[in-house]
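Chains as they are written, first to last, in the numbering used here: chain A, -11 to 478; chain B, -11 to 478. Written out below as structure tokens is the structure these notes cover.
2 protein chains.
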Amino acid sequence: MARDEGLTRRGLIGAGAASGAGIVAARLPEAAEAAPRKVDAIVIGAGLAGLAAADALRSEGRSFVVLEARDRVGGRTQNRSIGKGDVVEIGGQWVGPTQDRVLGLIDDLGLETFPTFIDGDNLYFRSANPGPLQLQRYTGTIPPANPVALGEVQLTITQLDSMAAEVPPEAPWDAPNAVEWDSQTFETWKQANTASDEARDLVDLAIQAVFAAEPRDLSLLHVLFYIAAAGGFNRLIDTAGGAQERRIVGGSQLIAIRLAKRLRPNVVLKAPVRSIRHGDGLVRVRAAGKEYEAKRAIVSIPPTLAGRIRYSPALPGGRDQLTQRVPMGSVIKCMAVYDEPFWRAEGLSGMTTSDTGPVKLTYDNSPPGDSPRGVLLGFIEGQEAREFTSASKAERREAVLTSLERYFGAQARTGVKKYLDKSWAEEVWTRGCYVGYAPPGVLVGYREALREPVGRIHWAGTETATVWNGYLDGAIESGRRAAAEVLAAL
Amino acid sequence: MARDEGLTRRGLIGAGAASGAGIVAARLPEAAEAAPRKVDAIVIGAGLAGLAAADALRSEGRSFVVLEARDRVGGRTQNRSIGKGDVVEIGGQWVGPTQDRVLGLIDDLGLETFPTFIDGDNLYFRSANPGPLQLQRYTGTIPPANPVALGEVQLTITQLDSMAAEVPPEAPWDAPNAVEWDSQTFETWKQANTASDEARDLVDLAIQAVFAAEPRDLSLLHVLFYIAAAGGFNRLIDTAGGAQERRIVGGSQLIAIRLAKRLRPNVVLKAPVRSIRHGDGLVRVRAAGKEYEAKRAIVSIPPTLAGRIRYSPALPGGRDQLTQRVPMGSVIKCMAVYDEPFWRAEGLSGMTTSDTGPVKLTYDNSPPGDSPRGVLLGFIEGQEAREFTSASKAERREAVLTSLERYFGAQARTGVKKYLDKSWAEEVWTRGCYVGYAPPGVLVGYREALREPVGRIHWAGTETATVWNGYLDGAIESGRRAAAEVLAAL
Chain A
-11 MARDEGLTRR GLIGAGAASG AGIVAARLPE AAEAAPRKVD AIVIGAGLAG LAAADALRSE
49 GRSFVVLEAR DRVGGRTQNR SIGKGDVVEI GGQWVGPTQD RVLGLIDDLG LETFPTFIDG
109 DNLYFRSANP GPLQLQRYTG TIPPANPVAL GEVQLTITQL DSMAAEVPPE APWDAPNAVE
169 WDSQTFETWK QANTASDEAR DLVDLAIQAV FAAEPRDLSL LHVLFYIAAA GGFNRLIDTA
229 GGAQERRIVG GSQLIAIRLA KRLRPNVVLK APVRSIRHGD GLVRVRAAGK EYEAKRAIVS
289 IPPTLAGRIR YSPALPGGRD QLTQRVPMGS VIKCMAVYDE PFWRAEGLSG MTTSDTGPVK
349 LTYDNSPPGD SPRGVLLGFI EGQEAREFTS ASKAERREAV LTSLERYFGA QARTGVKKYL
409 DKSWAEEVWT RGCYVGYAPP GVLVGYREAL REPVGRIHWA GTETATVWNG YLDGAIESGR
469 RAAAEVLAAL
Chain B
-11 MARDEGLTRR GLIGAGAASG AGIVAARLPE AAEAAPRKVD AIVIGAGLAG LAAADALRSE
49 GRSFVVLEAR DRVGGRTQNR SIGKGDVVEI GGQWVGPTQD RVLGLIDDLG LETFPTFIDG
109 DNLYFRSANP GPLQLQRYTG TIPPANPVAL GEVQLTITQL DSMAAEVPPE APWDAPNAVE
169 WDSQTFETWK QANTASDEAR DLVDLAIQAV FAAEPRDLSL LHVLFYIAAA GGFNRLIDTA
229 GGAQERRIVG GSQLIAIRLA KRLRPNVVLK APVRSIRHGD GLVRVRAAGK EYEAKRAIVS
289 IPPTLAGRIR YSPALPGGRD QLTQRVPMGS VIKCMAVYDE PFWRAEGLSG MTTSDTGPVK
349 LTYDNSPPGD SPRGVLLGFI EGQEAREFTS ASKAERREAV LTSLERYFGA QARTGVKKYL
409 DKSWAEEVWT RGCYVGYAPP GVLVGYREAL REPVGRIHWA GTETATVWNG YLDGAIESGR
469 RAAAEVLAAL
């Protein structure tokens, strides 16, 4: 599927990316040489937000250049070859209903999606349960927890959805109860609104899965905003009908790769932007030894990284302080590759919900189509990701396989042909995933500073999205919104 | 007092600093030329932490160079001339009992302290009180609030001190209730432990005064740690007997200036460090067009700014993510200068405690000794500082004088000879004051990453202090501790 991309490993995909996407066409150096130096807009960051912004400028006939620090496009989406032409994603990978922007773009780019594998029984592991009840099979979306706990969880979801309905995603700080909700952690709210350990554990797991952070790290208002931006709590956590519903044939990084092809030769890789001069009617940036000049800039990287760029004149204090307050989540995405998806033969879907780490959540992430191979995907999230980020690869492999064995039996360990993982906190040009989040006080404290342009500098990135914040869809929305600001100002 | 410092305005004091400290002796360019390029340790940042670290290295006969981004030393301490030889501090200024390191250093450097002016009645303003009770005089440390509120406040302080006693300042994450306390905001705790509006307002004011942040921004555990590091809540908020007890003749920046003189020619100004190469047995830094090489480095700047330096090899994910999570407080320090301290003639101390902003806290900050002039000091803190940081100087002046007039009458406005202020969020090499703080989840989430060296890189700065964290004393402690690490490793 990816074989037709016509991109060198050293080109838009990046070293170490999908070998399945080989075959040379556009080489990076040529692209860099051919990129214009005086443009209407400089876009910083070739993740989906930046590329979507550039594409919007292109479609309006405006000139632009995209400057990307890495040797690849795609930002938090990244394909990895697992050999034999198969690709998995070591970053963001899923799309789902109501994510109309990314679904439309996938279609527009000639890509295809396929459903996340969900056939068969899911697994529910609860360490406190006696003997055979520790690991239970179940079908559907509701794990076989204690009915009291399930009732609590259901009530929790209903309450959260109801509160989220009062939060305007474009201005959560204007919610009627914004100050009250931004004055507490999600943990505080959870403790006041759940009673049983099992319900709390399930809520914790959902929060860890969605934010790659702990309930204590997050402002309640931020959680409500995030739910509102996604259109409901279940949208966030569901596979069928939710954000994990579908995958992209050839790997999600293909969206960025194909978009970048459309934008060639105006995408320059290995061009980290360390400083931005602005304020004299122009924006000037030096990257990869070249000088770029534009009327406007769109900074399409997470707020915390945007704060590490030097601006001249310096950013206003409010904007700078905002960048100090939107930390990235903590996640290690881990995959074990097998000759076949052996769990399917046992009637298992590959999905696990567990209270015991470091992997508490698994999915069948096997390649689509004719590939015989099976892939189990496990996430290490939040606090455990912070602890395991400093572990060696061998230690992580051991811990992950121990988790997988707990759920899928000895074969999950003995049958492993390949193990791969990535701790996104270590990635210099991302420094955490899935997304930057707001601790208490930040949304009501800094408000519009999240998105408000500073002179000729505009802010994109999924952290600035008002729809599906934190997701591919939000990244695209944010890029297009920033491009619209620029187009209106040019 | 400052006239004998023998430092040019362009030298260690910095442009715009105390003209009273004039008279040329060591010029910056000479110092920069004379500074060694191959040393035992490079110290980054010439605030009190960095200078204390360097001084500790010096006293052990080790070679060092201090690289400072600004054109002055002193970091968050900064003198400002108000003419006629008088100096005020636009940054940190106070010292108090148990701050033995800074008091010892002041003595060692031949500097003198004098007591903060507290004679006469304090003022208590409460907008909700009827007519003449809005503005009341009082003596001592306890404002004339409703007795019920006072009881609540007293109980609150007792509770906080009692909880803080369980928090080891060197490892707050190891407190028996660390997770529980780091899972909630201080606001949550306050709401659960106070009932009356007046008590809550008083607690808010204390928190704003100490942290330059809102109760909702702060982890309860961080507040308890901070209390523990200071040796008690009242130590933090008191003038007599507390952290605001004494001032330094000639201005607090003189500590740094005199320390730097002792360290000449090894303090290089206007030498911002953008990147640090390390990991091959040496540390290499390029600053102000020169290359420096050392066995070790001490990074003596706030964590959020340390995160903006590029490290090669890159920082471990845990340390980088920590730097994303320790935002700086928000404060605008404002002073109005008068021909005389007119409030003293009315029997007023100049101290005000108010529920109405933007200035809710004032002090008599008049020069010591023979100067006839009077200075009222007012703080804009936390949320109001965030809002006023984008206001024009004229708007700020107007708002501050309106506050001062509310407390001290028309003369506070009509008699103003000079107005000065500084929003520390705007200062590029600080980006907020008084100090970086921990939102919920950070202390238990990142633990030792706050101080643990990364290879040959050591971390100083008052944010890393275990005694008087956030204060001059803590800065010195942190610098000496980092120097001790380096000395042990050399």
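The beta carbon of each residue, even a glycine, is placed where N, CA and C say it ideally should be.
message: Can you pull out the residues from the stretch 365 to 388 of chain A whose beta carbon lies closer than 8 Å to at least one beta carbon of chain B?
response: Gln371, Arg374, Thr377, Ser378
- prompt: From the DSSP output, which residues share a beta bridge with B/Tyr459?
  reply: BP columns for B/Tyr459 are empty, so no partner.
message: Short of 7 Å in beta carbon distance, which residues of its chain neighbour B/Thr182, apart from the five on each side in sequence? Order them along the chain.
response: Glu140, Thr144, Arg188, Val191
query: With a CB to CB cut of under 6 Å and the five nearest residues on each side skipped, what residues in its chain are close to B/Arg468?
result: Ala40, Ala44
field: Where the stretch 301 to 334 of chain A meets chain B: residues whose CB sits under 7 Å from a CB there
entry: Ala302, Pro304, Gly305, Gly306, Asp308, Gln309, Gln312, Arg313, Pro315, Met316, Ser318
- request: Round the Cβ separation of B/Lys283 and B/Ala29 to the nearest angstrom and send it over; I've been treating them as touching at under 8 Å.
  value: 7 Å
Unbroken beta strand (DSSP E) run spanning A/Asp327, endpoints: It is not in any beta strand (DSSP E) - A/Asp327 carries neither H nor E in the DSSP assignment.
field: Under the three-state DSSP convention, the category B/Thr101 falls into
entry: strand
- prompt: Going by the CB atoms, is the gap between B/Ser342 and B/Phe113 shorter than 9 Å?
  reply: yes
task: Pull out every residue of the stretch 405 to 420 of chain A whose Cβ sits closer than 9 Å to any Cβ of chain B, in chain order.
output: Ser411, Trp412, Ala413, Glu414, Glu415, Val416, Arg419, Gly420
From B/Ala470, B/Glu158, B/Glu414, B/Glu100, residue whose alpha carbon lies closest to that of B/Ile243: B/Glu100
message: Taking the straight line between their C-alpha atoms, what separation do you get for A/Gln371 and B/Gly362?
response: 53 Å
message: Once the 5 residues before and after B/Ile464 are set aside, which same chain residues still bring their CB inside 8 Å of it?
response: Leu36, Ala37, Ala40, Arg89, Val90, Leu93
task: On the DSSP bridge assignment, give the partners of B/Arg125 in chain order.
output: B/Leu111
Environment of B/Phe376 [buried if 16+ CB atoms lie within 10 Å]: buried
- prompt: Can you name, in chain order, every residue of its own chain whose Cβ lies under 6 Å from the Cβ of B/Gly335, other than the five neighbours on each side?
  reply: Gly108, Asp109
message: Please confirm whether A/Gly79 has its beta-carbon closer than 9 Å to some beta-carbon of chain B.
response: no
- prompt: Would A/Ala275 count as contacting chain B if we go by Cβ distances under 9 Å?
  reply: no
task: Spell out whether any CB of chain B is found under 9 Å from the CB atom of A/Thr292.
output: yes
message: For A/Asn134, list the residues DSSP reports as bridge partners.
response: The partner list for A/Asn134 (beta bridge, DSSP) is empty, contrary to what the question assumes.
- request: Return helix, strand or coil for B/Thr350, following the three-state DSSP convention.
  value: strand
- prompt: Does the Cβ of B/Phe102 have 16 or more other Cβ atoms within 10 Å, making it buried, or fewer, making it exposed?
  reply: exposed
- prompt: Across which residues does DSSP place B/Asp479 in a beta bridge pair?
  reply: Residue 479 of chain B lies beyond the stretch modelled for chain B, which goes from -11 to 478, so this question has no answer here.
- request: Determine, using beta carbons only, whether A/Gln172 comes closer than 9 Å to chain B.
  value: yes
- prompt: Does DSSP classify A/Glu334 as helix, strand or coil?
  reply: coil
task: Compare the beta carbon distance of B/Thr104 and B/Arg223 with 9 Å and say whether it is the shorter of the two.
output: no
query: Exposed or buried, what is B/Gly269 when buried is set at 16 or more other beta-carbons lying within 10 Å of its beta-carbon?
result: exposed
message: Any C-beta of chain A within less than 9 Å: which residues of the stretch 179 to 207 of chain B qualify?
response: Gln179, Ala201, Glu202, Pro203, Arg204, Asp205, Leu206, Ser207
message: Within a Cβ cutoff of 6 Å, which residues of the same chain sit near A/Tyr126, ignoring the five residues on either side of it in sequence?
response: Asn110, Tyr112, Pro132
Distance, A/Leu97 Cα to A/Leu247 Cα: 7 Å
- prompt: According to the Cβ coordinates, are A/Val314 and A/Leu438 closer than 9 Å?
  reply: yes
task: At 8 Å on the CB atoms, spell out the chain A contacts of B/Tyr434, in chain order.
output: Arg374
field: Cβ-based neighbour list, A/Gly219, same chain, cut-off 6 Å, excluding 5 preceding and 5 following
entry: Thr86
message: I'd like to know if the stretch 251 to 269 of chain A and the stretch 53 to 63 of chain A are in contact, where contact means that at least 3 CB-CB pairs between them fall below 8 Å.
response: yes
- request: Reducing DSSP to helix, strand and coil, say where B/Tyr280 ends up.
  value: strand
- prompt: Do A/Val319 and A/Gly458 have their CB atoms nearer than 9 Å?
  reply: no
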